[in-house]
Amino acid sequence: MAVYRWRRIDPVPWAELRRPLASARVALVTSAGFYRPGIDEPFRRITGGDSSFRALPDDVDPRSLVLGQISDSFDHGPATADPNVAFPLPWLHQMAAAGEIGESAPRHLSFNGSITAPERLVRDTGPRAAQLLVEDGVDAAVLVPI
Amino acid sequence: MCTQAVALLAGVMESRGIATACVALVKHVAEAVRPPRALAVPFPFGEALGPAGDAATQLRVLRAALRLLESPGPPPVLEDA
Numbered sequence: 070m071a072v073y074r075w076r077r078i079d080p081v082p083w084a085e086l087r088r089p090l091a092s093a094r095v096a097l098v099t100s101a102g103f104y105r106p107g108i109d110e111p112f113r114r115i116t117g118g119d120s121s122f123r124a125l126p127d128d129v130d131p132r133s134l135v136l137g138q139i140s141d142s143f144d145h146g147p148a149t150a151d152p153n154v155a156f157p158l159p160w161l162h163q164m165a166a167a168g169e170i171g172e173s174a175p176r177h178l179s180f181n182g183s184i185t186a187p188e189r190l191v192r193d194t195g196p197r198a199a200q201l202l203v204e205d206g207v208d209a210a211v212l213v214p215i
Numbered sequence: 916m917c918t919q920a921v922a923l924l925a926g927v928m929e930s931r932g933i934a935t936a937c938v939a940l941v942k943h944v945a946e947a948v949r950p951p952r953a954l955a956v957p958f959p960f961g962e963a964l965g966p967a968g969d970a971a972t973q974l975r976v977l978r979a980a981l982r983l984l985e986s987p988g989p990p991p992v993l994e995d996a
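Written as structure tokens, this is what we have:
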């Protein structure tokens, strides 16, 4: 890993939050590779990493999700026992109910984050994911690695 | 790798008008990749928002990440949880 060259964002884009957080529509983006078994395609173990994503509906039960992260460089135990460590959907709902955010987005996104060759992520699947959030009227996204 | 992936996604989303807040498990990766807004957390791989079962910590970190959305900038914004 010492010789790996991290990909630098330059210039760094900036989008002001369009409305106060208390009225903003917020989506979660996790890189834990969560997917719905029997509904979504599992993530694949391919060279450079699987850059695809799954859209998870806001009413999904996080405990029904499978942790699809390919990487074995971390302990899968915590996220398997408690998906909130990387996909805190119940906490987002709690904050919406309390008026801390406006509302939870209709769909949230799940990537498999062990991507060593992120070209396709940046050029293809990332922009498609962003477009999905735009179509859903999302104001802000919180991105959580694992 | 996960920190780089979400950081790069944050950049893509931000360039399309969506404000983003990124949790970073590895601070030096966030410094290198430069997502627009990032919160560096002190937790090990596998539990970015805090230990399994620790709802209070997870909520605190999520709130701290959301607060970054109201940062005046300029980017990149990188704070410690």
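Protein chains in written order, with this note's numbering: chain A, 70 to 215; chain B, 916 to 996.
Note that the Cβ used here is the ideal one computed from N, Cα and C, for glycine as well.
Figure out for me which residue from the options has the closest Cα to the Cα of residue i.
i: Ala979/B; options: Ala945/B, Leu924/B, Leu993/B and Ser930/B; result: Leu993/B
i: Arg168/A; options: Ala91/A, Asp144/A and Val95/A; result: The displayed chain sequence assigns Gly, not Arg, to residue 168/A. Answer by Cα proximity: Ala91/A.
i: Pro159/A; options: Arg87/A, Glu110/A and His177/A; result: His177/A
i: Ala967/B; options: Asp127/A, Thr149/A and Val129/A; result: Thr149/A
i: Pro147/A; options: Ala996/B, Pro991/B and Ala963/B; result: Ala963/B
i: Leu136/A; options: Pro152/A, Asp127/A, Pro126/A and Val129/A; result: Pro152/A
i: Val129/A; options: Ala84/A, Pro175/A and Val213/A; result: Pro175/A
i: Val72/A; options: Thr185/A, Leu125/A, Gln200/A and Leu134/A; result: Thr185/A
i: Val154/A; options: Leu940/B, Arg982/B, Ala953/B and Glu985/B; result: Leu940/B
i: Ser140/A; options: Ser100/A, Leu125/A and Gly107/A; result: Ser100/A
Mark residue i as exposed unless 16 or more other C-beta atoms lie within 10 angstroms of its C-beta, in which case mark it buried.
i: Ser120/A; result: buried
i: Gln138/A; result: buried
i: Ile115/A; result: exposed
Where residue i and residue j are concerned, what is the direct C-alpha to C-alpha distance, given to the nearest angstrom?
i: Arg197/A; j: Arg74/A; result: 25 Å
i: Met164/A; j: Leu974/B; result: 9 Å
i: Thr194/A; j: Phe958/B; result: 28 Å
i: Gly102/A; j: Gly988/B; result: 30 Å
i: Cys917/B; j: Arg949/B; result: 14 Å
i: Gly171/A; j: Ala96/A; result: 11 Å
i: Asp995/B; j: Gly118/A; result: 29 Å
i: Glu110/A; j: Ser986/B; result: 37 Å
Following the continuous beta strand (DSSP E) through residue i, name the residue where it begins and the one where it ends.
i: Leu178/A; result: Arg176 to Phe180
i: Glu994/B; result: Val992 to Asp995
i: Leu954/B; result: Arg952 to Ala955
i: Ala939/B; result: Ala934 to Ala939
If I follow the unbroken alpha helix (DSSP H) through residue i, where does it start and stop?
i: Leu983/B; result: Ala970 to Leu983
i: Val211/A; result: Element bounds for Val211/A: not the alpha helix (DSSP H) but the beta strand (DSSP E), Ala209 to Val213.
i: Ala150/A; result: Gly146 to Ala150
i: Leu202/A; result: Gly195 to Glu204
Residues within the region 124–149 of chain A neighbouring chain B, beta-carbon criterion of under 9 Å:
Gln138, Ser140, Ser142, Phe143, Asp144, His145, Gly146, Pro147, Ala148 and Thr149
Residues, ordered as in the chain, of the region 964–982 of chain B that lie near chain A by beta-carbon distance below 9 Å:
Leu964, Gly965, Pro966, Ala967, Gly968, Asp969, Ala970, Gln973, Leu974, Val976, Leu977, Arg978, Ala980, Leu981 and Arg982
Listed from N- to C-terminal order along the chain, which residues in the region 925–942 of chain B have their beta-carbon within a distance smaller than 9 Å of any beta-carbon of chain A?
Ala925, Gly926, Val927, Met928, Glu929, Ser930, Arg931, Gly932, Ile933, Ala934, Thr935, Ala936, Cys937, Val938, Ala939, Leu940 and Val941
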